[in-house]
């Protein structure tokens, strides 16, 4: 399966947990669930299930407590600019980005109820 086959346009693709101690969070989730991690620098680790399962989420280091409402749900887009336009046209409010990150670009938005989600695209 190619990278493009692994991601579906506008599907829930990734869940990001905000943590205040990255090392402790990795220790906890590894002990509790057998999760494995890919380190992307001092403030971020990708989450994989045990036995080399594909990456399905991440742990993001933050000085702030976890965001209200829980984890950040990320959708995948094959056309980030088109998705950005559709989100704003539908009444969503962009709260961050678009910005580059290793592997792509993304933005965060709030829906009309105040839920924050993110959308990313491969570079």
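In this note's numbering, the protein residues as written are 47 to 169. Ideal placement from N, C-alpha and C gives every residue a C-beta, glycine not left out.
In angstroms, rounded to a whole number, what distance separates the CA positions of residue 124 and residue 105? Taking the straight line from one Cα to the other gives about 24 Å.
CA nearest to the CA of residue 78, picked from 150, 91, 95: Among 150, 91, 95, the Cα nearest to that of residue 78 is on 95.
Evaluate residue 147 with the Cβ neighbour count: other Cβ atoms within 10 Å of its Cβ, from every protein chain shown; 16 or more gives buried, anything less gives exposed. Note on residue 147: under 16 other CB atoms within 10 angstroms of its CB, so exposed under the neighbour-count rule.
Stretch pair the segment 105-118 + the segment 128-135: three plus CB contacts closer than 8 Å: Segments in contact, no.
I need the straight-line Cα distance from residue 154 to residue 110, nearest angstrom please. Rounded to the nearest angstrom, the two C-alpha atoms are 17 Å apart.
Give me the Cα-Cα distance between residue 164 and residue 150, rounded to the nearest whole angstrom. The alpha-carbon atoms of residue 164 and residue 150 are separated by roughly 13 Å.
Is the beta carbon of residue 63 closer than 9 Å to that of residue 93? For the pair residue 93 and residue 63, the CB atoms are nearer than the 9 Å cut-off.
In three-state terms, what does DSSP make of residue 66? Looking at residue 66 - three-state DSSP - the assignment turns out to be coil, as it is neither helix nor strand.
Compute the distance between the beta-carbons of residue 166 and residue 126, then report whether it is under 9 Å. The answer is yes: Cβ separation under 9 Å.
Alpha carbon to alpha carbon, how far is residue 52 from residue 99? The alpha-carbon atoms of residue 52 and residue 99 are separated by roughly 13 Å.
Tell me, which residues are paired with residue 147 by DSSP? Note: residue 147 sits in a beta bridge opposite 150.
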